[in-house]
Amino acid sequence: MVDAGGARMIKVGDVVAERVFWIDRDLLKAYANASGDQNPIHQDEVFAKSVGLPDVIAHGMLTMALVGKFVTDWAGGAATVKEFSGRFTKPVVVPINQKVDLTVAATVSEIAAGMARLDITATSQGVKVLGMAKALVLKS
Amino acid sequence: MLNPDSVGRTFHSAEEVLVTQSEIQAFAAVLGETDTSVAPPTFSIRITLAQSQVLLSDPSVGLDWARLVHGDQKFEIYRPILAGDRLKCSSTIENYKVAAGNEIVTVRSDLHAASELVVSTWSTLVVRA
Chain A
24 MVDAGGARMI KVGDVVAERV FWIDRDLLKA YANASGDQNP IHQDEVFAKS
74 VGLPDVIAHG MLTMALVGKF VTDWAGGAAT VKEFSGRFTK PVVVPINQKV
124 DLTVAATVSE IAAGMARLDI TATSQGVKVL GMAKALVLKS
Chain B
35 MLNPDSVGRT FHSAEEVLVT QSEIQAFAAV LGETDTSVAP PTFSIRITLA
85 QSQVLLSDPS VGLDWARLVH GDQKFEIYRP ILAGDRLKCS STIENYKVAA
135 GNEIVTVRSD LHAASELVVS TWSTLVVRA
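Going down the list, the protein sequences come from chains A and B.
All you need for my numbering is the position in the first sequence, starting with 1, plus 23.
All you need for my numbering is the position in the second sequence, starting with 1, plus 34.
Structure below.
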């Protein structure tokens with residue numbers, strides 16, 4: 024559909040193109056400092072394994088923050104986001120000296136009153152890491 | 035174990051947290067965001083995580099923070115957080131249940147700038163058995 028100004032209007036079912044973010048230990052350190060979450064499971068391999076994790080894992084909230092970047096780039100800025108939610112289904116495992124993917128995509132599930140709702144998928148190394156992820160943004 | 039009387043209780047922080055431009059820039063930089071005119075949508079976790087942990091560490095609550103795992107997270111953003119905001123956190127234990135021996139606690143944290151509600155967040159925290 025095209026509006027009077029010639030711009031393409033969004034509609035339910037539109038797909039937001041998949042995008043890959045790369046996560047490594049340096050990013051975990053930077054996020055720990057920026058967020059204040061210095062939990063050692065996100066930085067210290069020995070500690071992470073001592074509590075039963077396979078390796079250092081990314082902060083769930085880093086995953087969500089990157090998904091938020093995906094959403095705000097589509098919607099037109101951070102000020103557009105009204106609601107944002109997700110469930111941490113599996114950890115993003117980040118071995119040393121590796122970059123692991125966070126692969127994000129979304130579909131427009133609802134449009135109403137200048138707002139759009141996105142249903143979002145996020146995987147890492149083929150594993151779903153965020154469940155029931157949704158965002159409600161100002162978007163017309 | 036959580037004290038069941040804690041459910042529904044709200045704890046108010048006495049202190050205001052000042053949001054600085056450099057904090058917004060540092061958070062945005064991690065995400066590759068160059069527009070730092072407002073905070074990224076999840077920035078409030080920087081405030082609510084620490085504040086709710088302090089508020090809900092009241093011994094009468096009985097929450098074991100050492101064994102917590104973050105289960106899910108929701109934000110309702112009434113307006114973006116801006117540099118210069120002075121935010122006060124109030125945290126409420128909204129829901130509590132035990133499933134397969136794990137305690138599942140839903141904590142709502144509201145951030146107010148003076149009387150204006152800026153952001154509400156819900157964190158589901160799982161205390162592993």
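Where is the CB? At the ideal position from N, CA and C, for every residue including glycine.
On a predicted model such as this, the values are computed, not experimentally measured, just so you know.
Exercise. Hey, Ser108(A) and Phe109(B) are a contact pair by Cβ (cut 8 Å); roughly how many whole angstroms apart?
Worked result: 7 Å
For this session: Quick one: using the 10 Å Cβ neighbour count with 16 as the cut-off for buried, is Ser149(B) buried or exposed?
Result: exposed
Exercise. Taking the C-alpha atoms as reference points, what is the distance between Asp106(B) and Ser78(B)?
Worked result: 15 Å
For this session: Within 10 angstroms of the Cβ of Tyr54(A), are there 16 or more other Cβ atoms? Answer buried if so, exposed if not.
Result: buried
Exercise. When the Cα atoms are used, what is the spatial distance from Ala63(B) to Thr70(B)?
Worked result: Roughly 9 Å separates the two Cα atoms.
Exercise. Any heavy atom of the ligand MN within a distance shorter than 7 Å of the CB on Ala40(A)?
Worked result: This structure does not include the ligand MN; it has no bound ligands of any sort.
For this session: With DSSP as the reference, label Glu49(B) as helix, strand or coil.
Result: coil
Problem set entry | Among Leu125(A), Ile33(A), Gln66(A), nearest to Ile119(A) - alpha-carbon criterion | Ranking Leu125(A), Ile33(A), Gln66(A) by Cα distance to Ile119(A) puts Gln66(A) first.
Problem set entry | Buried or exposed by the 16-neighbour rule on C-beta atoms within 10 Å, applied to Gln85(B) | Gln85(B) is buried by the Cβ-count criterion.
For this session: Take Thr86(A) and list the residues in its own chain whose beta-carbon comes closer than 7 Å to its own, dropping the five residues that flank it on each side.
Result: Val115, Leu125, Ala145, Val152, Leu153
For this session: In angstroms with no decimal places, state the Cα-to-Cα distance between Thr44(B) and Val69(A).
Result: 37 Å
For this session: Taking Ser157(B) as the reference, give the member of Ser91(B), Glu67(B), Leu102(B), Val72(B) with the closest Cα.
Result: Leu102(B)
Exercise. So with Cβ pairs under 8 Å, would you call Gln55(B) a contact of chain A?
Worked result: no
Problem set entry | For Lys122(B) and Ile47(B), the rounded distance between their alpha carbons | Before going further, note that residue 47(B) is Ser rather than Ile in the sequence given. The alpha-carbon atoms of Ser47(B) and Lys122(B) are separated by roughly 6 Å.
Exercise. Does the beta carbon of Thr176(B) come closer than 8 Å to any beta carbon on chain A?
Worked result: Outside the displayed range of chain B (35 to 163) lies residue 176(B), so it cannot be described from this structure.
For this session: Following the continuous beta strand (DSSP E) through Arg140(A), name the residue where it begins and the one where it ends.
Result: 138-147
For this session: Determine, using beta carbons only, whether Arg80(B) comes closer than 8 Å to chain A.
Result: yes
Problem set entry | C-beta atoms of Ala60(B) and Asn56(A) nearer than 8 Å | yes
Exercise. How about Asp106(B): is its C-beta nearer than 8 Å to some C-beta of chain A?
Worked result: At least one CB of chain A lies nearer than 8 Å to the CB of Asp106(B).
For this session: Please name the residue or residues paired with Asn136(B) in a DSSP beta bridge.
Result: The partner list for Asn136(B) (beta bridge, DSSP) reads Ala133(B).
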